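Heads up: the sequence shown begins at 39 in the numbering used here, then just goes up one per residue.
Using N, Cα and C, we set each Cβ at its ideal position, and we do this for glycine too.
Predicted model, so just to flag it, every value in this text is computed and none were measured.
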Amino acid sequence: MAAGGDVATGWRATAARGVLALVGAASVAGYALDLHARFGSDLSVLSAYVGLFGVLFAGYLVATLAVLGWAPHDRGTVVLVLGFALAFRVAALTGPVVTSSDVFRYLWDGRVQVRGGMSPYRHPPSAPELAGLRDAAIHPAINRPDKPTVYPPGAQALFALAAVVAPDSLVGWRLLLLAGDAATAVLLLAVLRRAGVPPGSVVVWAWAPLAVFETAQAGHVDGAVPPLVLLALRWRQERRLARAGAALGAAVLIKLYPAVLLVAWWRRGDRRLPLACAAVAAAGYLAYAWPVGRHVLGFLPEYLGPAEDFNVGLRHFLTEAIGLHGAGARALAMVALGGALLVALLVIAARREETPSGVLRAGAAAAAAYLVLAPTPMHPWYAVWILPFVAARPSAAWLWFTGAVSLSYLAYVVKPAPFPLWLRIVQYVPLWALLLRAVHGRRAATAVAPAGAACAGLPRG
């Protein structure tokens, strides 16, 4: 019997590796495509990108099912997963940016700090004070050139680091994010091991087209968030609360949204986690606020205004979709959803089990609650940080959304510009339906468990 089991296991592992080899080789070719050279105009490129993303996402699902279904514990399969994950990112390193010009602001902000010796929060790129720093490659590609930067101090520190190590280099910045992805892989494998999750689950993050395109290709700084979040998670699981808070504070300095984890992971009576997080975040902001004062917030207050609304989910259906319009309705919906998010986080914290798996579940639930309830814009790269949690806590709902969210790029193709309702429906309605189904399933399982336990002691026959 044991020999037969070994043969079956070996066959499954071989089959999984074969699927990975076929899908992986095809995916490398897809990530290496130069869509600008093939399709020319930006609108055609975006349409082609969405199509390419869909094909790669289908292959990703096939590979994920093969690994998790046939060889989740096989070491050789995990090595193959990580090897192809690296190949995907390397294939995307040298091509032109397809979906977003944000990376050119990163390079510009780094240049302003290192070459100009000035704060990126003081002047917008169009200011005459920065005329001597302009060039023909980076400056013309910056979006919102009349606005100061929106990125927090931790992100600015990374931009400055890139400007020192590889000045004005798109490839250099992408390599910095690639190093972050390598750290994410190592930390995620450690988290999976501690939670008793098969190591093959790393494929959920490593092969996700969203992670590859939005970090290795588009170069979004959001790719630097997962390693810090995973480091905070690992230390929080080990109850090293000050270290966890410091790592979480560093993540918040890059992008603000990991702050939701502070509520979900806080232990009543503990001061170390919140104080360490606040101390690191405050130190980062004070360092950059010293020369500019309140202007350290940059474009952020305007970014939260109605002009920047993009791919908004639940708030849209609470206002425009049911006939409520105007600034008052928008503000009311934002306050209501913000309050709902806070309540959800407090419930998550109250129900959290103080075990490694409990801390992991709380983190995953907090990230999910943020993405569902956040009343702010939802660009595709904002969802990258949930992928490591999905690897550890498989979810059909979030697998769907991390694929469907890239459909939002089609909003730039539609003329005239209003965001199409069908794009919101395709992204969000299946997400909510699958989440509700998962919640109902867990409640049903919880209800059945006590009955099963009660019946276990009854006589049989």
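Suppose the cutoff is 6 Å on Cβ atoms and the five residues either side in sequence are ignored; what does the same chain contact list for Ala345 look like?
Nothing listed; no residue qualifies.
Which of the three DSSP states, helix, strand or coil, is assigned to Ser82?
helix
Between the Cα of Ala404 and the Cα atoms of Trp436, Leu473 and Val298, which residue gives the shortest distance?
Val298
Please report the straight-line C-alpha distance between Gly490 and Ala476, rounded to a whole angstrom.
Residue confidence is low: Gly490 scores 45 on pLDDT, short of 50, so the model does not pin down where it sits. Its coordinate-derived value is still stated next. If I take the Cα positions, the gap works out to 21 Å.
State yes or no: is the C-beta of Trp438 within less than 8 Å of the C-beta of Pro394?
no
Looking only at its chain, what residues have a beta carbon closer than 8 Å to the beta carbon of Gly499, apart from the 5 residues adjacent to it on each side?
Bear in mind that a pLDDT of 36 at Gly499, under 50, signals an unreliable position, so the model cannot answer this.
Taking all protein chains shown into account, do 16 or more other C-beta atoms lie within 10 angstroms of the C-beta of Thr414, making it buried, or fewer, making it exposed?
With 16 or more other Cβ atoms within 10 Å, it is buried.
Where Gly336 falls: helix, strand or coil (DSSP):
coil
Determine the DSSP secondary structure at Arg50, reduced to helix, strand or coil.
Three-state DSSP puts Arg50 in a helix.
Ala221 and Pro265 - do their beta-carbons sit closer together than 8 Å?
yes
For Ala169, which option in Ala442, Val150, Arg399 and Gly92 has the closest C-alpha, if you only look at C-alpha atoms?
Val150
Given Ala382, which residues of its chain have a CB within under 6 Å of its CB, disregarding the five upstream and five downstream residues?
Ala407
Which of helix, strand or coil does DSSP assign to Ser446?
Residue state, collapsed to three classes: helix.
At the level of alpha carbons, what is the spacing between Arg143 and Gly343?
20 Å
Per DSSP, what kind of secondary structure is Glu167 in: helix, strand or coil?
helix
With the cut-off set at 8 Å, would you say Asp219 and Thr253 are in Cβ contact?
yes
Nearest-angstrom Cα distance between Ala195 and Arg160?
16 Å
Short of 8 Å in beta carbon distance, which residues of its chain neighbour Val464, apart from the five on each side in sequence? Order them along the chain.
Ala442 and Leu445
Just the C-alpha distance for Gly376 and Arg389, rounded to the nearest angstrom, thanks.
20 Å
Are Val242 and Leu425 touching if we call contact CB-CB under 8 Å?
yes
Around the C-beta of His363, are 16 or more other C-beta atoms found within 10 angstroms, so that it is buried, or is it exposed?
exposed
Among Val202, Asp147 and Trp108, the one whose alpha carbon lies nearest that of Ala54
Trp108
Could you please give the first and the last residue of the uninterrupted alpha helix (DSSP H) stretch that includes Phe427?
Counting along the chain, the alpha helix (DSSP H) containing Phe427 begins and ends at Leu425 to Ala430.
According to DSSP, is Ser395 part of a helix, a strand, or is it coil?
helix
Selection from Asp184, Ile180, Tyr87 and Ala262 that minimises the alpha carbon distance to Pro162:
Asp184
Run the CB neighbour count on Gly155, radius 10 Å, all protein chains shown included, and call it buried at 16 or more, exposed below.
exposed
Taking the alpha carbon of Val422 as the reference point, which residue from Pro296, Val93 and Leu58 has its own alpha carbon closest?
That would be Pro296, whose Cα lies nearest to the Cα of Val422.
According to DSSP, simplified to helix, strand and coil, what is Pro468?
helix
Suppose you measure from the CA of Ala165 to the CA of Ala228; what does that come to, to the nearest Å?
47 Å
How about the segment 198-211 and the segment 73-93: do they share at least three Cβ pairs that are nearer than 8 Å?
no
Closest by C-alpha distance to Ala96, when choosing among Ala64, Arg76 and Gly78
Ala64
Within 10 Å of its beta-carbon, does Val105 have 16 or more other beta-carbons around it, so buried, or fewer, so exposed?
buried
For Ala492, which residues from the same chain have a beta carbon less than 7 Å from its beta carbon, with the 5 sequence-adjacent residues on both sides left out?
Summary for Ala492: the model assigns pLDDT 42, below 50, so the residue's position carries little reliability, and this model does not support an answer.
Ser138: buried (16+ other C-beta within 10 angstroms of its C-beta) or exposed?
buried
If distances are taken between C-alpha atoms only, which option among Ala402, Ala412 and Gly257 comes closest to Pro432?
Ala402
Taking 8 Å as the limit between beta carbons, can you name the residues of its chain near Ala51, skipping five residues before and five after?
Trp108, Ala109, Asp112, Gly114 and Thr115
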